[in-house]
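So our numbering is basically just the index in the sequence shown, starting at one, shifted up by 74. Idealized CB from N, CA, C, for every residue including glycine. First comes the structure, then the notes that go with it.
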Amino acid sequence: FSVNSPLISRSTVFHFEPLGEDDILKLLKTAIGDAERGLGKFDIETDEKVLKFLAAVSDGDARRALTALEVGVLSQAARKGGSKIKFDLDIAKDSIQQKAINYDRTGDTHYDLASAFQKSMRGSDPDATVYWLARMIAGGEDTRFIARRIAVCATEDVGNADPMATVLAAAAVQISEFVGLPEAQLALAQAALYIACAPKSNAAASAVWKAVADVKQEPIIAVPKHLKNSHYPAAKKAGLGADYKYPHNFKAGFVPQQYLPPAMRGRYYKPKEIGCEKNIKRYLQKLQSLIQNSNNPKNAKEKDS
């Protein structure tokens, strides 16, 4: 279940942390020595190493550690009758069985692991990336949710510094839906690790965020007449698009032309000196030089038609 934000704001919230290994170790020793509420009526022989093992693998869950101890002791008691019960490491391992993964697909653990996964990719730590990925997969997370996190990170945190990251992320989305688990984990891991090891730039994300903010908060800019759609008779009569210059008709496929007010030039996309974006930055600088050196756009040399 979940509690909505208005109710939480009117409540006192207590955040419970997992028990430490020392706490669980103390509980196990208490259970062994308590004849009334524990296992003290049995003649149990064990050592610190075995109990520390149970405390470590229980992941802060005292019930899991105590249950494993009880299962091991009772199974030995049923097998050996009233003789001394030796609770050694092999019995402890058999009692604990498969490790239970603490995972709640709608609660804090779900979002905490997703956050750790995405931040590890963004932070260029491949080992952390694949570990948090494995935690989500082992916990039964929907592969589509994981694939979406990978795709978001590829576009937001890598962007044009390495466009192949977005290609692999898109492929991971398709493959994970097509083949399903367990094979889907291979595609998810490949894409996530590529993103973790790729150069990082959020220039594209920052550009669209700033542009969206301007659209919402600033006066709307009218579409210039030469950029308007001219593919209908009335538009041509009104002169819409008449002064538009088709870039491919000019040298190098570029001609200086106004697409936004001059004051807004370079306002949004600011490519970084990282990865492939270095080449984009240099190309835009070259175009800017052409714009500055062109006193009259009409003097641009057109290609022979």
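Residue from the options whose Cα sits closest to the Cα of residue i
| i | options | result |
| --- | --- | --- |
| residue 224 | 159, 99, 239 and 313 | 239 |
| residue 102 | 128, 83 and 91 | 128 |
| residue 235 | 335, 264, 260 and 346 | 346 |
| residue 227 | 210, 145, 195 and 255 | 195 |
| residue 275 | 134, 334 and 198 | 198 |
| residue 113 | 284, 189 and 142 | 142 |
| residue 89 | 188, 183 and 273 | 183 |
| residue 171 | 297, 146, 84 and 150 | 146 |
Burial state of residue i, where buried means 16 or more other Cβ atoms lie within 10 Å
| i | result |
| --- | --- |
| residue 332 | exposed |
| residue 87 | exposed |
| residue 164 | exposed |
| residue 268 | buried |
| residue 368 | exposed |
| residue 291 | exposed |
| residue 215 | buried |
| residue 262 | buried |
| residue 82 | exposed |
| residue 192 | buried |
| residue 91 | exposed |
| residue 379 | Because the pLDDT of residue 379 is 42, which lies under 50, any placement of that residue in the model is unreliable, and the number read from its coordinates should be weighed accordingly. The residue in question, residue 379, is exposed, as its Cβ has fewer than 16 Cβ neighbours within 10 Å. |
| residue 351 | buried |
| residue 360 | exposed |
| residue 97 | exposed |
| residue 260 | exposed |
Own chain partners of residue i with C-beta closer than 6 Å, once the 5 adjacent residues on each side are dropped
| i | result |
| --- | --- |
| residue 229 | 240 |
| residue 281 | 342 and 343 |
| residue 362 | none |
| residue 377 | With a pLDDT of 44 at residue 377, under the threshold of 50, the modelled position of that residue is not reliable, and the figure given next carries that caveat. Closer than 6 Å at the Cβ level, and outside the excluded window around residue 377, lie 323. |
Close Cβ partners of residue i (< 7 Å) along its chain, the five nearest in sequence each way excluded
| i | result |
| --- | --- |
| residue 327 | 321 |
| residue 221 | 246, 247, 250 and 262 |
Nonlocal neighbours in the same chain, by C-beta distance under 8 Å from residue i, ignoring five residues either side
| i | result |
| --- | --- |
| residue 137 | none |
| residue 130 | 95 |
Fully enclosed by the segment 113 to 165, which alpha helix (DSSP H) runs are 4 residues long or longer? 122 to 131 and 136 to 154
Curious, which full-length alpha helix (DSSP H) runs of at least 4 residues does the segment 263 to 342 contain? 277 to 291 and 307 to 311
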